[in-house]
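Residue numbers 0 to 184, in numbering that gives the first Met the number 0, belong to the letters of the sequence shown in order.
Comments concern the structure below.
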Amino acid sequence: MPAQGVRPYEMSGVVPQDVKAGLIKSMMPLMNMTTRMDLKDIMNLMTIKYKAKPGLTFDDVKTSMELRANALNFKKVGESAMWKDFQAVLGDTQAPRIEVYHYCDIAVGREMLRYSPESVVYMPCRFTIMEDADKNIWVMTLDWDTTWLDSVKDRMGTPDVLWDHAVVIRDKMDNIMRAAANGDL
Numbered sequence: 000m001p002a003q004g005v006r007p008y009e010m011s012g013v014v015p016q017d018v019k020a021g022l023i024k025s026m027m028p029l030m031n032m033t034t035r036m037d038l039k040d041i042m043n044l045m046t047i048k049y050k051a052k053p054g055l056t057f058d059d060v061k062t063s064m065e066l067r068a069n070a071l072n073f074k075k076v077g078e079s080a081m082w083k084d085f086q087a088v089l090g091d092t093q094a095p096r097i098e099v100y101h102y103c104d105i106a107v108g109r110e111m112l113r114y115s116p117e118s119v120v121y122m123p124c125r126f127t128i129m130e131d132a133d134k135n136i137w138v139m140t141l142d143w144d145t146t147w148l149d150s151v152k153d154r155m156g157t158p159d160v161l162w163d164h165a166v167v168i169r170d171k172m173d174n175i176m177r178a179a180a181n182g183d184l
């Protein structure tokens with residue numbers, strides 16, 4: 000593996016694609032043998048999601064999310080109405096409403112980037128609100144639960160301050176999603 004950066008904002012060396020592919024390929028037999036999961040199962044496993052309470056509209060859920068995010072100092076930095084693009088670009092008028100929202104805790108973002116500039120590819124935090132095939136409304140995001148690192152020596156070198164930030168961000172994101180799904184105003 001290439002050398003890691005040690006100064007703030009110092010990029011680590013590039014991991015060649017063949018090395019990445021080799022590492023992932025070596026892990027696949029173990030994953031397949033122990034889990035028997037397909038890609039859809041893995042995507043579901045990596046997602047945390049809450050079904051909105053019956054009677055809430057898409058816009059109710061969105062408003063609750065925005066209010067709670069603001070109360071928790073998560074700055075909204077963008078949104079993407081994917082379903083509108085499906086209609087405009089692909090002519091798909093059957094797709095359910097799907098919108099992705101981008102939020103950031105700028106202080107934590109800076110600390111993450113000081114430690115690992117490559118972490119920018121995971122930023123900003125994203126929430127999705129979408130209707131499923133049955134018109135149920137869901138709030139979801141990538142599951143940032145890092146407690147599994149507790150079982151690895153020294154949490155894979157994660158500095159305590161970043162660990163603490165990660166736990167706080169994960170908890171805030173969960174709080175925002177639960178508020179949205181419950182229609183808390």
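Backbone N, C-alpha and C fix where the C-beta goes; we use that ideal spot for every residue, glycine too.
Being a predicted model, the structure only gives us computed values, none of them experimental.
Item to check | Through-space distance from W143 to L38, alpha-carbon basis | outcome: Taking the sequence shown and counting its residues from 1, one reaches residue 38 at position 39. Taking the sequence shown and counting its residues from 1, one reaches residue 143 at position 144. Going from the Cα of L38 to the Cα of W143 covers about 19 Å.
Item to check | Rounded straight-line distance, which links the Cα of V13 to that of E117 | outcome: One-based indexing of the sequence shown puts residue 117 at position 118. One-based indexing of the sequence shown puts residue 13 at position 14. Distance between the alpha carbons of E117 and V13: 10 Å.
Checklist entry - Using the beta-carbon count (16 or more within 10 Å), is S63 buried or exposed? => result Here residue 63 refers to the residue found at position 64 of the sequence shown. Buried: at least 16 other Cβ atoms inside 10 Å.
Checklist entry - Which class does K152 belong to by DSSP, given the choice of helix, strand or coil? => result For the purposes of this step, residue 152 is identified with residue 153 of the sequence shown, where counting begins at 1. K152: helix per DSSP, three-state reduction.
Checklist entry - Comparing alpha-carbon positions, which option in T140, P95, A165 lies nearest L44? => result In the sequence shown, the residue the question calls residue 44 occupies position 45. It is T140.
Item to check | Residue from I105, L22, P123, A94 with nearest C-alpha to D133 | outcome: The residue labelled residue 133 in the question sits at position 134 within the sequence shown. Minimum Cα distance to D133 is reached at A94.
Item to check | Per-residue DSSP class, three states only, for G77 | outcome: Reading the sequence shown from its first residue, position 78 is the one you call residue 77. If DSSP states are grouped into helix, strand and coil, G77 belongs with the strands.
Checklist entry - Pick from I47, T146, D183: whose alpha carbon is nearest that of R125? => result As a first step, residue 125 is located in the sequence shown; it is residue number 126 there, counting from the start. Selected option, being the one with the closest Cα: I47.
Checklist entry - Hey, how far is the Cα of R154 from the Cα of M111? => result The residue you call residue 154 lines up with position 155 of the sequence shown. The residue you call residue 111 lines up with position 112 of the sequence shown. Those two C-alpha atoms are separated by around 16 Å.
Next on the checklist: Taking the alpha carbon of W137 as the reference point, which residue from R96, R169, H101, A106 has its own alpha carbon closest?
Outcome noted: The count along the sequence shown starts at 1 and reaches residue 137 at position 138. Selected option, being the one with the closest Cα: R96.
Checklist entry - Based on the DSSP secondary-structure assignment, which residues constitute the bridge partners of M111? => result Working through the sequence shown from its first residue, we reach residue 111 at position 112. Note: M111 sits in no beta bridge, so no partner.
Next on the checklist: On the criterion of 16 or more Cβ atoms from any shown chain inside 10 Å, does G108 qualify as buried, or is it exposed?
Outcome noted: Within the sequence shown, the letter at position 109 stands for residue 108. Classification of G108: buried, given that the 10 Å Cβ count is 16 or more.
Item to check | Backbone CA spacing between S115 and Y121 [nearest angstrom] | outcome: Residue 115 sits at position 116 when you count from the first residue of the sequence shown. Residue 121 sits at position 122 when you count from the first residue of the sequence shown. The alpha-carbon atoms of S115 and Y121 are separated by roughly 11 Å.
Checklist entry - Taking C-alpha atoms, which residue in D183, R113, D159 lies nearest to P7? => result On the sequence shown, position 8 is the one that residue 7 refers to. P7 has its Cα closest to that of R113, out of D183, R113, D159.
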